[in-house]
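For reference, the structure discussed in these notes is given below.
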Amino acid sequence: MRALGLATVFCFGAILFYISFDFPGWGDENSPASRHVSPYYIEHTMDDTSVPNIVTAILADYRGYDTLFETAVIFSAGLACFFLLRIPERQAPPARFYRHLATGITFRIEKGGRLPEDTDEFERIDSVWVPYDVIIGMTCRLVVPFIQLFALYVIAHGHHSPGGGFQGGVIFGAAIILFAISNNLRRTLKRMSEKTSALLGSLGVLIYAGTGILCMVLGAGFLNYSALASLLGVDPVSARSHGILIVEIGVGIAVTAVMVWIYYNLSSAGRQDEGL
Amino acid sequence: MIWPLDIIILTIVIICGIAAISIKDLLGAAIMFGAYSFMMCLLWSVMGAVDVAFTEASVGAGVSTVFFVAAVFRTTRRTRD
Amino acid sequence: MEALGSLIIAKYNYWAVIALLLIGLYAMITKKNLIKKIIGMNIFQTAIILFYVSIGSKKGATIPIITHGHGDASHAVHSVEYINPLPHVLMLTAIVVSVATLGVALALAMKVYSQYGTLEEDEIREKIMESEPV
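Chains as they are written, first to last, in my numbering: chain A, 17 to 292; chain B, 5 to 85; chain C, 2 to 135.
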């Protein structure tokens with residue numbers, strides 16, 4: 017099997033090596049990729065949309081249809097993880113572990129039995145338990161709001177600097193995942209439950225598609241943001257810039273929610289009881 | 005585009021890629037995959053693709069590595085090949 | 002000799018991409034562990050993204066963010082000074098799709114583990130053969 021694999025890989029590599037002599041040289045200005053559509057995008061972005069970051073303008077305005085379906089793809093990935101892994105509590109009642117704080121004795125209650133939530137003599141622990149580390153927990157709790165603020169900045173400043181909806185959304189989701197890793201998964205679930213993240217994911221896709229339909233209702237084509245000029249009260253060029261911001265916010269919300277949702281399902285193998 | 009930096013980062017990327025698939029400990033392979041993603045991010049920012057590098061830094065070297073570590077934690081850590 | 006040198010300088014990035022593609026393909030074909038196959042898939046995906054990004058580069062050009070911003074409206078923009086932004090846009094979509102695929106692939110691997118107790122391909126095949134009625 018290994019020899020067959022090596023032979024296949026070498027044949028493939030030889031064919032690709034032979035093809036590589038036909039490619040244009042690296043850094044060539046006259047290569048076919050740089051001559052047809054992209055000079056139009058580079059020269060006319062400021063006049064059409066007044067957004068200096070050409071990549072954001074192409075992503076959300078000129079090629080906005082692709083980005084709509086990409087957001088739908090990432091939402092359906094979160095949905096697929098949910099359907100594959102999630103085990104509802106009534107189907108497989110878990111065994112809970114408790115620890116008596118005064119003496120350090122740990123015991124296990126089977127088949128879904130539980131102690132009352134607010135006893136202060138017993139604490140609930142995970143099946144793989146390490147003592148709660150004050151330094152890590154407190155430091156991460158202090159750092160998480162600043163990471164979220166940076167994520168919001170990245171979304172909002174995507175017109176003038178590298179950034180945009182995806183990057184900001186992933187950073188926001190990573191902040192929540194950091195909180196879940198350093199503290200308990202159950203505490204994170206109390207703050208942002210699974211239902212919230214699923215609803216936010218679909219809300220993001222709805223904002224994006226809703227903007228497109230709103231443009232269609234106002235008279236222009238689907239996802240043609242210059243139709244929003246009458247609604248926002250600005251000229252069509254600035255309306256395109258504001259339309260890009262609205263859809264980037266929708267994309268950011270969707271990506272945040274889906275990253276958190278996939279993490280909840282992966283790290284607890286579907287039970288959403290105890291995490292990493 | 006600074007070509008000595010380019011060649012050095014390309015070499016490190018290929019070494020990280022070979023290491024990520026050869027390490028027998030799955031947790032080590034996940035961490036080497038995170039290092040590979042981060043070196044790719046540096047390569048793209050040397051080539052001038054700053055948006056792509058930003059996305060790869062947050063997605064590949066951040067969230068993707070966490071998903072791998074979570075999956076390895078819930079399954080097994082040893083492998084024979 | 003100079004022709005060979007200029008050939009290498011013009012093409013070495015494509016050869017590096019080919020090397021990474023071969024590493025990813027080898028991992029997907031020959032490795033028996035499911036997580037190693039998923040790592041090979043991701044290496045293949047990022048190598049393709051490197052290929053597209055390196056096509057869009059131009060010598061002596063700057064990053065695709067227009068420098069003068071909203072200030073002077075009369076300054077013309079030449080497409081030679083900026084690198085090609087279109088492959089970057091396509092590759093942003095590709096990166097996000099790759100992380101979505103990674104999430105689903107890892108969920109499938111965890112389901113296989115919970116059903117068969119192992120992640121090695123040959124052990125899984127033995128267990129399937131045993132449990133099949135002859």
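No residue lacks a Cβ here, since even glycine has one placed at the ideal position from N, Cα and C. These figures come from a predicted structure and were not determined experimentally.
Inset, instruction - Confirm, please, whether the CB-CB distance from F37/B to A57/B is below 8 Å. - result: Here residue 57/B corresponds to residue number 53 of the second sequence, with the count starting at 1. Here residue 37/B corresponds to residue number 33 of the second sequence, with the count starting at 1. Contact check for A57/B against F37/B fails: the beta carbons are separated by 8 Å or more.
Inset, instruction - Note down, in chain order, each residue of its chain lying with its Cβ closer than 8 Å to the Cβ of S283/A, except the 5 sequence neighbours on either side. - result: By one-based count along the first sequence, residue 283/A stands at place 267. Closer than 8 Å at the Cβ level, and outside the excluded window around S283/A, lie A196, L201, G291 and L292.
Legend entry - K33/C versus L84/A: straight-line alpha-carbon distance, rounded: Position 32 of the third sequence, counting from 1, holds the residue named residue 33/C. Position 68 of the first sequence, counting from 1, holds the residue named residue 84/A. Cα to Cα, K33/C sits roughly 37 Å from L84/A.
Inset, instruction - Step through the CB atoms of chain B and report whether any lies within less than 8 Å of the CB of Y114/C. - result: The sequence position of residue 114/C within the third sequence is 113, counting from 1. Yes, because at least one Cβ of chain B sits closer than 8 Å to the Cβ of Y114/C.
Legend entry - Whether Y57/A touches L5/C by CB criterion (8 Å): As a first step, residue 57/A is located in the first sequence; it is residue number 41 there, counting from the start. As a first step, residue 5/C is located in the third sequence; it is residue number 4 there, counting from the start. Y57/A places its beta carbon 8 Å or farther from that of L5/C.
Inset, instruction - Enumerate in chain order the residues of its own chain whose CB-to-CB distance from L30/B is below 7 Å, with the five nearest sequence positions on each side excluded. - result: Taking the first residue of the second sequence as position 1, residue 30/B is located at position 26. Answer for L30/B: V76, R81 and T83, listed in chain order.
Inset, instruction - Kindly say whether F37/B, judged by its beta-carbon, lies nearer than 8 Å to any beta-carbon of chain C. - result: Numbered from 1 along the second sequence, position 33 holds the residue referred to as residue 37/B. For F37/B, the answer is yes, since a Cβ of chain C falls inside 8 Å of its Cβ.
Inset, instruction - Check the Cβ of M17/A against every Cβ in chain C and list those closer than 8 Å, keeping chain order. - result: Translated into positions along the first sequence, residue 17/A becomes position 1. By Cβ distance, chain C contributes T31.
Inset, instruction - Using a Cβ cut-off of 9 Å, pull out every chain B residue sitting near V159/A, in sequence order please. - result: Here residue 159/A refers to the residue found at position 143 when the first sequence is read from its first residue. Proximity of chain B to V159/A at the Cβ level (cut-off 9 Å) is not reached, the minimal Cβ distance being about 14 Å.
Legend entry - Beta-bridge partners of Y279/A, as assigned by DSSP: On the first sequence, residue 279/A is found 263 positions in, with the first residue counted as 1. Under DSSP, no beta-bridge partner is assigned to Y279/A.
Legend entry - Beta-carbon proximity of R29/A to T31/C, cut-off 8 Å: On the first sequence, residue 29/A is found 13 positions in, with the first residue counted as 1. On the third sequence, residue 31/C is found 30 positions in, with the first residue counted as 1. Contrary to the premise, residue 29/A reads as Gly rather than Arg in this sequence. Result no, Cβ atoms of G29/A and T31/C do not sit closer than 8 Å.
Inset, instruction - Could you name each continuous alpha helix (DSSP H) segment of 4 residues or more that falls completely within the segment 166-226 of chain A, going from the start of the chain to the end? - result: Listed in chain order, they are 181-198 and 201-207.
Inset, instruction - Tell me, please, which residues DSSP counts as bridged to F123/A. - result: Within the first sequence, numbered from 1, the residue matching residue 123/A stands at position 107. Beta-bridge pairing links F123/A to Y114/A.
Inset, instruction - Please determine, among G217/A, G184/A, T65/A and S36/A, the residue with the shortest C-alpha to C-alpha distance to A172/A. - result: As a working mapping, residue 172/A is identified with position 156 in the first sequence. Nearest of G217/A, G184/A, T65/A and S36/A to A172/A, Cα basis: G184/A.
Inset, instruction - Give a yes or no on whether the minimum CB-CB distance between K38/C and chain A is below 8 Å. - result: Here the question's residue 38/C lines up with position 37 in the third sequence. Chain A, which has no Cβ nearer than 8 Å to the Cβ of K38/C, makes this no.
Inset, instruction - Tell me whether G61/C is buried or exposed, calling it buried when 16 or more other Cβ atoms sit within 10 Å of its Cβ. - result: For the purposes of this step, residue 61/C is identified with residue 60 of the third sequence, where counting begins at 1. In this structure G61/C is exposed. Its beta-carbon is surrounded by fewer than 16 other beta-carbon atoms within 10 angstroms.
Inset, instruction - Tell me whether F71/B is buried or exposed, calling it buried when 16 or more other Cβ atoms sit within 10 Å of its Cβ. - result: Within the second sequence, the letter at position 67 stands for residue 71/B. Buried: at least 16 other Cβ atoms inside 10 Å.
Inset, instruction - Return the CA-CA distance between A225/A and A245/A, expressed in angstroms with no decimal places. - result: As a working note, residue 225/A is residue 209 in the first sequence. As a working note, residue 245/A is residue 229 in the first sequence. Whole-angstrom Cα-Cα distance: 18 Å.
Inset, instruction - Step through the CB atoms of chain C and report whether any lies within less than 8 Å of the CB of S54/A. - result: Taking the first sequence and counting its residues from 1, the one referred to as residue 54/A is at position 38. Cβ-Cβ to chain C under 8 Å: yes for S54/A.
Legend entry - Contact with chain A by S62/B, beta-carbon distance below 8 Å: Reading the second sequence from its first residue, position 58 is the one you call residue 62/B. Yes, S62/B lies at the interface with chain A (some Cβ there is under 8 Å from its Cβ).
Legend entry - For I262/A, the nearest candidate out of G120/A, P110/A, G181/A and R207/A (CA to CA): Locating residue 262/A in the first sequence gives position 246, counting from the first residue. Relative to the Cα of I262/A, the nearest Cα in the group G120/A, P110/A, G181/A and R207/A belongs to G181/A.
Inset, instruction - Report the rounded CA-to-CA distance for Y114/C versus L95/A, giving the unit in angstroms. - result: Position 113 of the third sequence holds residue 114/C. Position 79 of the first sequence holds residue 95/A. L95/A has its alpha-carbon roughly 20 Å from the corresponding atom of Y114/C.
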